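Asks:
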Amino acid sequence: MARHLIPDIRQSISSPETLGRWLRGCGLRNVERGVANLQTIAGLDWSDAEISRFVSVLAKVLPELSDPDQALNNLERLISVSDSLAQKVCTLSSLATPFRGLLTLVSDSQYLSDLLRDEENFDVVAVGRFQPLSRKLIVSTAVAMVDDAKDAAEAMRRLRKFRQRETLRTAWCDLVLNYRIEQVTEQISAVAAAVCEAALFWCRRRLVEKFGSPYSQNADTCRYVILALGKLGGNELNYSSDIDLIAVYEIEGKIHDKAVSSNQEYFAQLTRDFVRMVGEPTELGSAYRVDMRLRPSGSRGPICKSIDSTLQYYDLQGRTWERQAMIKARPLAGDRSLGNVLLDRLQPWIFRPSLSRTDIAGIKSLKRQMERRTQQQGEDRVDIKTGYGGIRDVEFVIQFMQLLNGWNLASLRTANTLRAIGRLERAQCLTHEEAELLAGNYRWLRKLEHRLQIMHNQQTHSLPTDDASLDAFAKRMGIRKSSTSGTLHAFREKLDEVTRLNRVILDHLLHGAFGTSRVFQDAEAPVSAVVDLILDPDPSPEFVAEVLEPYQFSDPQTVWRILMELAEEKSQFISSRRCKHFFASIAHSLLSEVARTPEPDRTLISLASVSDSLGARGVLWELFSESPPTLNLYVRLCASSDYLATILKTSPGMVDELMDALQLDSLPSREWLQQDMDELSRGAVEIDLILSSFKSTQHMRIGVRDILNQDEIADTHRALSDVADICLQKVTSQQTERQLKKFSIDWETPASHAVPFAVLGLGKLGGREPNYHSDLDVIFFYDSDPEFESLLPKGTSPQSFFSQLAAEIVKAIGKQVTHRRLYEIDSRLRPSGKSGSLAVHVEEFARYFDSGPGQLWERQALCKSRPVAGNPELGRKIMAEVRKNLTLPCPDSLRDDIWKMRLAMQRDSQPGNLKRGHGGTVDIEFVVQMLQLAHADANPEVLTPGTLNAIESLSVAGLMKPDDAEFFREQYQFLRSVESGLRLMNTTARHDLPENESQLERLALLLNFSNGGKLSSKVSECREAVRQRAESLFRIT
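Sequential numbering from 55 applies to the sequence shown in our numbering.
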């Protein structure tokens, strides 16, 4: 059609019907205006060939555009500006890709079309500056533009022109090149930052020229920074967003000028000048609409404040919505290091260990207000920002989740919404599916928002209501009609799906935070009967029984008396009324958790005992009101772990560790533990209490994670081993120094590693698999060192010296501190046992096994050995002797001899013993040690301490079938986890499955079994299977 018209287009001016048919074929609706547009184009001083080419391109491109009518009309307006601009359009039409891009801009945006009527702006498109620019380059360009401006009016004009040109460049990347929404918003934000930086540069220079520089009290130039919040703070600005800013200066001070006497006045004037420079409307509009209302005290407060004043405001008056707002804060212009100082100091205020009821009420109220305003305006389905499932819904909940989790997950402290979604997924606060849907839907809505705003450069979020306009927006979103539905129908379906899925996910997330938390529900519910009971000074026995009946207590009157004691504050520094208030607010949740335990009465008595020893009950109840997980853990601990409960009772400050343990995302590393010990003991002479506190603290942290089933049992054991190692090393080091001082030995480096003395760990310690109450099996070694021996007092042999040192270590480790020992040391595994010297010379040890009476069981014990303290070089020498001994050929009777020992151990144990009894952990350990001894001569790599590590080594070496390895690994971990539960319960028989039904139920609760019967059955099945598999490997028929 176009080719038919081209030769006669100028002659066809008099035939509107012909042109109208052609325009309708190109997708135009208003053909009358289209004909007028073509008539204007036909009248240009272009050659027929240029006209023909121009119309030919229109024929190809117009049908593909979102709004062909608008495109042709804007093209005609553009050409009509001047002959020069008309010629540039003509030239561009010979370049297919740039001209198609130009048509896209004038079709999708009236605002961009108007900007292109300025030839300088048009040249941005014509020369093809279509690549995103770095922030540094954009800022330097903007600053250079205003550097030589003669006055404020000229600087303002240049900044507005700069913003227009950069908007065109960004829009080309967006509309023509289809850049990702993150790239587009980052570029828009970079342009805004550049304009602000340049404006501040110009304003401050003028102010310095007028008044001089402001100074702090130490005569340094006082610093100043502008912070961005909202979309600009998150590097996710829209085309037509306001920019939310806060101005802060470093410190109060004075300026020796009559007009401006203080730093506050000076920076207030600077801020006002800056706001005017950026935001004042001119013939070119404003560069950006500046909103300073998010500053402290809002519009009523000073336009800028000092850092200290700002921090004081947030600390004393800051509200929940301000914490949400400050999530997105970042330094924008001025001294960004000053901005970072402020934000760093605000982090503990923004991100707290838990959300209070006030926080949650504020968040929910803010959400309701937004929804109510949108519904009142009748836009809950057409406003893509504040409407149902819209942009604000996503941002709101993501910010809430950042507040909820950002205290202990620092990675969540990001201002950018999409980045926050990704990090929430990595932190497992969002599932992969939730994150994918939210991010995808958010990108789609933000793209739609951009298409709305770029049309007229208006801050709108409302979709058009007429079908024609909505159809055009659908096409701008890349939606085209299909064989089953039209463009408009497909767009509405997509929008409904996006907003519906958003709302489903977000409602689920909010209900997960609010709806399932009993404490939070109670905060909004009417006063319940249990609250009435707590607040009633003299309730009748009938009322007590009625209220407590749902909680399954056997003695309601005793329970009521305990509750009354818990509601009273003993500390004279805390309000008893406040204590009772907070206890009443959590009482239902507390009792509900207690009721879920096997013995509610016993649990409450234990809880009362622990709480009484902690003191400051009101603080405890307030903590529980803000942190339901801590309440749940506290009840579970009091119900099932006498060991941890005892630590709490004997260490009042340990409740903080209980809270910390909930926040830890992993067990403490060896390096972290060592650093903690070094800091605690730095400069200390007596370390007994330090060691006891260190062990209790770490056992609390490890035990809490154990109760919550957050770690594999092998990782729990490794952490317990690290704690024991560090305590043993510290004691060894201290006692070595004392021994040297006692004997007046002036050793060059008086530290344990320099003395020829080392400690070898065996058993569970050697295998890095001890439990909470495991003894420390060790052998103390020493070696010959002529230089050291020459310093010994006359008559003192090395054996005597090091045996005394070993005895002091045993004494210090076993010393009673705060009613309990640090550890029990067992050194009976040394050669010759109790009858031998406490410290063994390494050569004596070698002879004992080379040609002496070394027994098979002793060689087995050495399979789990490693140096744990003392001189590292000596430790390596000892291990060389150990490996030499373990790699000697074994007799043919090895299997039978080890199995006989195994059965002998079983005969001395109780039937329920999980360690030495039938199918217990010793079955697995003996299998592993038998295979290690049998094959170590040919495969020395299997000599690795630790049962699970040894199983892996044997499997890799092909000496244990993969099926056997997997079986033993799983059963060993299960039995050790049951044993761990028994240790946490602090039962008398620490290896025996309880015969007492109530104890068995408590153990089941601890191990997450529904009841004791199922646990008992599982243990029996496991032990029988272990025995059968062990017998098969020992070839027992």
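Backbone N, C-alpha and C fix where the C-beta goes; we use that ideal spot for every residue, glycine too. Only a predicted model underlies this, so the values are computations on that prediction, with no experimental measurement involved.
Starting from Phe1021, trace the alpha helix (DSSP H) both ways and give me its first and last residue.
Replies: 1016-1039
Asks: How close, in whole Å, do the beta carbons of Met346 and Trp256 come, if the pair is a contact with beta carbons under 8 Å?
Replies: Going by Cβ atoms, the distance from Met346 to Trp256 rounds to 19 Å, so no, they are not a contact pair.
Asks: So, are the CB atoms of Tyr836 and Pro810 less than 8 Å apart?
Replies: yes
Asks: So, are the CB atoms of Leu283 and Ile305 less than 8 Å apart?
Replies: no
Asks: Between which two residues does the beta strand (DSSP E) harbouring Lys359 extend?
Replies: 358-360
Asks: Between Val982 and Ala1004, which are expected to be in contact by the criterion C-beta below 8 Å, what is the C-beta distance as a whole number of angstroms?
Replies: 5 Å
Asks: Would you say the segment 754-768 touches the segment 684-691, given that touching needs at least three Cβ pairs under 8 Å?
Replies: As far as the Cβ criterion goes, the segment 754-768 touches the segment 684-691, which means the pair count is three or higher.
Asks: Give every residue of the same chain whose Cβ lies closer than 8 Å to the Cβ of Pro1016, excluding the five residues on either side of it in the sequence, and list them in chain order.
Replies: Taking Pro1016 as the centre and dropping the five residues before and after it, the same chain places the C-beta of Ser1009 closer than 8 Å to its C-beta, in chain order.
Asks: Mind checking who Val279 pairs with in its DSSP beta bridge?
Replies: Val302, Gly388
Asks: How long is the line joining the alpha carbons of Gln728 and His642, rounded to whole angstroms?
Replies: 42 Å
Asks: Taking the straight line between their C-alpha atoms, what separation do you get for Pro945 and His989?
Replies: 12 Å
Asks: Cβ of Val894 within 8 Å of Cβ of Phe834?
Replies: yes
Asks: Cα separation between Glu1078 and Gly973?
Replies: 6 Å
Asks: List the residues that DSSP assigns as beta-bridge partners of Pro1048.
Replies: Partner(s): none; Pro1048 has no beta bridge.
Asks: Please work out which residues of its chain come closer than 7 Å, Cβ to Cβ, to Arg214, disregarding the five sequence neighbours upstream and downstream, and give them in chain order.
Replies: Here Arg214 has Thr336, Leu338, Gly339, Ala341 as same chain residues with Cβ atoms under 7 Å from its own Cβ, once five neighbours each way along the sequence are excluded.
Asks: Hey, Gln793 and Glu740 are a contact pair by Cβ (cut 8 Å); roughly how many whole angstroms apart?
Replies: Wrong, their Cβ atoms sit about 16 Å apart, outside the cutoff.
Asks: Check whether the Cβ atoms of Gly971 and Arg822 sit closer than 8 Å, and answer yes or no.
Replies: no
Asks: Is the segment 484-492 touching the segment 69-87, taking contact as three or more C-beta pairs under 8 Å?
Replies: no
Asks: Taking the beta strand (DSSP E) that Pro921 belongs to, which residues open and close that run?
Replies: The continuous beta strand (DSSP E) containing Pro921 extends over residues 920-924.
Asks: Please state whether DSSP places Leu338 in a helix, a strand or coil.
Replies: coil
Asks: Taking only beta-carbon positions, decide if Ala583 is within less than 8 Å of chain C.
Replies: Although the question refers to chain C, the structure presented lacks it and comprises just one protein chain.
Asks: Can you find the residues in the same chain that come closer than 8 Å, C-beta to C-beta, to Gln788, ignoring five residues on each side of it along the sequence?
Replies: Ile741, Ala866
Asks: What are the complete beta strand (DSSP E) segments, minimum 3 residues, inside the segment 851-917?
Replies: 893-895, all fully within the segment 851-917.
Asks: In angstroms with no decimal places, state the Cα-to-Cα distance between Leu1097 and Val451.
Replies: Examination of residue 1097 is not possible in this model, given that the chain is present from 55 through 1091 alone.
Asks: Let's see if you can read the secondary structure: which residues bound the alpha helix (DSSP H) around Ile659?
Replies: 654-668
Asks: Excluding five sequence neighbours on each side, which residues of the same chain lie with their C-beta closer than 6 Å to the C-beta of Asp389?
Replies: Arg277, Val279
Asks: Anyone know if the C-beta pair for Asp519 and Leu506 falls short of 8 Å?
Replies: According to the sequence shown, residue 519 is Thr rather than Asp. Between Thr519 and Leu506, the C-beta spacing is not below 8 Å.
Asks: Taking Val448 as the reference, which of Arg557, Leu166, Ala469 has the closest Cα?
Replies: Arg557
Asks: Quick check: what's the CA-CA separation for Leu845 versus Ala808?
Replies: Roughly 14 Å between the two C-alpha positions.
Asks: Counting only the same chain and skipping the five closest in sequence on each side, list residues whose C-beta sits under 6 Å from that of Phe856.
Replies: Phe811, Tyr836, Ala893
Asks: Check the C-beta distance from Tyr697 over to Ala778 and give it rounded, since I have them as a contact under 8 Å.
Replies: At roughly 16 Å, the Cβ-Cβ gap does not stay under 8 Å, so Tyr697 and Ala778 are not in contact.
Asks: Between which two residues does the beta strand (DSSP E) holding Gly815 run?
Replies: Gly815 -> beta strand (DSSP E) spans 811-816.
Asks: Residues in the same chain with beta-carbon distance under 6 Å from Val200, minus the five sequence neighbours each way, listed in chain order, please.
Replies: Ala209, Arg212, Ala252, Trp256
Asks: Taking Ala1019 as the reference, which of Ile978, Phe797, Arg920, Leu997 has the closest Cα?
Replies: Ile978
Asks: State the start and end residues of the unbroken alpha helix (DSSP H) segment that holds Leu457.
Replies: 445-459
Asks: Mapping the DSSP letters down to three states, classify Ile404 as helix, strand or coil.
Replies: Of the three classes helix, strand and coil, the one that applies to Ile404 here is helix, per DSSP.
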